[in-house]
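The structure appears right after this line, and notes come after that.
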Amino acid sequence: MALNSVTVRVPAKVNLQLSVGPRESDGYHNLVSVFQAVSIYDEVTLTKSHPGSGVTIAVTGDQTHGVPEDDSNLAVKAAKLVGTKFDFDVDAHIEVKKSVPVAGGMAGGSADAAGTLVAMDALYKLEATREELFALGAELGSDVPFMISGGTAVGTGRGDQLTAALSRGTYHWVFALSTVGLSTPSVYAECDRMRAELEVAAPKVSDALMQSLLAGDAQAVGRALHNDLQGPACSLRPALSLVLEVGRDYGALGALVSGSGPTVAFLVADEEAGLDLAVALTASGVVGSVARATGPVHGARVL
Ligand code: C5P
């Protein structure tokens, strides 16, 4: 019997390093981004529907606020892009069960697009190569290829040109979530504004970070965490500086804004330290809610 439905599980990400070069003429920035996939997941279920019904979507779960249920959703765009590239009419319903924070700097929208690409490939037996899926992903957003690949990787160009990175061990994270997201373009714009008078060097991968990952040394990884968008995100949302401070005071190995924020990520020594920090952050009153996760984990996978 032909397959009628496919479910793909896709993780969130944290950037261990995000170095941003000068603004290019196309408005984008050359990046060096060291990604780690972490164990907070969205589930994308794709079901074939009647001919002529087109692509529809429903978003469920605990993180749905502000997610569009129309053609502007990146998952719908992903399904349609596959139809265009492989030249067929897509009649399918997408259900996204969300746990990844929306507009949180953890690639939630990109994860759903990545999950949809992998689901389309499986449901319609397209047998696309990984490179083809990565190329489709890059058309949808800079983080989409990494959400397909998962693990630990270095992204260059817009962050979409991936090279796998060697990493040992499991890393434990606590995430401080905000109820109100930050728009990625506005954080990049704030970055440009703050650096307007400065000579901005081309971004380069941190040797200290790569060596720490290779050694599986969480303390050294904590010290090497770096995000050029942290200043701009804190400038737009000053309360984030306080959140960073509270986590550092409670003994996190490292703390940084995740991607373009406003999620703040804390690296901790182990599960117990994560529980302690989660309790402390909640008790401090400066954090709306917290999530714990480990990484690296796999990218988008059919269940
Ligand atoms: O590629 P994506 O759609 O995820 O990017 C969202 C926004 O982030 C872009 O519109 C741009 O403002 C900014 N961006 C950037 N340089 C990159 C990636 C993203 O300026 N390399």
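The numbers in the numbering used here rise by one with no breaks, and the one at position 244 of the sequence shown is 267. All C-beta atoms, glycine included, are put in the ideal place defined by N, C-alpha and C. Since the model is a prediction, treat every value here as computed from it, not as a measurement.
* Output yes or no for whether 8 Å exceeds the beta carbon distance between GLN40 and SER56. => yes
Considering only the beta carbon of each residue, do VAL266 and ALA219 sit closer than 8 Å? no
Buried or exposed: which applies to ARG32, given that a residue is buried once 16 or more other Cβ atoms fall within 10 Å of its Cβ?
buried
Next item on the list: Return the chain-ordered list of same chain residues with a C-beta closer than 7 Å to the C-beta of VAL210, the five sequence neighbours on each side being excluded.
Entry: LEU252, PRO255, ALA256, LEU259, SER283, GLY284
Could you tell me which residues DSSP pairs with HIS249 in its beta bridges?
-> GLN40
Does the distance between the C-beta of PRO208 and the nearest non-hydrogen atom of the ligand C5P fall short of 7 Å? yes
Taking THR202 as the reference, which of THR152, VAL123, VAL244 has the closest Cα? VAL123
> Skipping 5 residues on each side, what residues in its chain have a beta carbon closer than 7 Å to that of ALA161?
Replying inline: VAL167, PRO168, ASP183
Practice prompt. Spatial neighbours of GLY270 within its chain, please: CB distance less than 6 Å, with the 5 preceding and 5 following residues excluded, ordered by chain position.
Written response: ALA278, PHE289
| Which value, in whole angstroms, describes the spacing of the CA atoms of HIS116 and HIS73? | 10 Å
Practice item. Determine the direct distance from the alpha carbon of LEU163 to that of VAL37, and round the result to whole angstroms. Key: 19 Å
Next on the checklist: Could you check if ASP85 belongs to the surroundings of the ligand C5P, using beta carbon to heavy atom distance under 7 Å?
Outcome noted: no
query: Hey, would you say the C-beta of ASP166 is under 7 Å away from at least one heavy atom of the ligand C5P?
result: yes
Which residue or residues does DSSP assign as beta-bridge partners of ASP65? VAL33
Endpoints, the alpha helix (DSSP H) within which GLY277 is located:
Not the alpha helix (DSSP H): GLY277 falls in the beta strand (DSSP E), residues 277-280.
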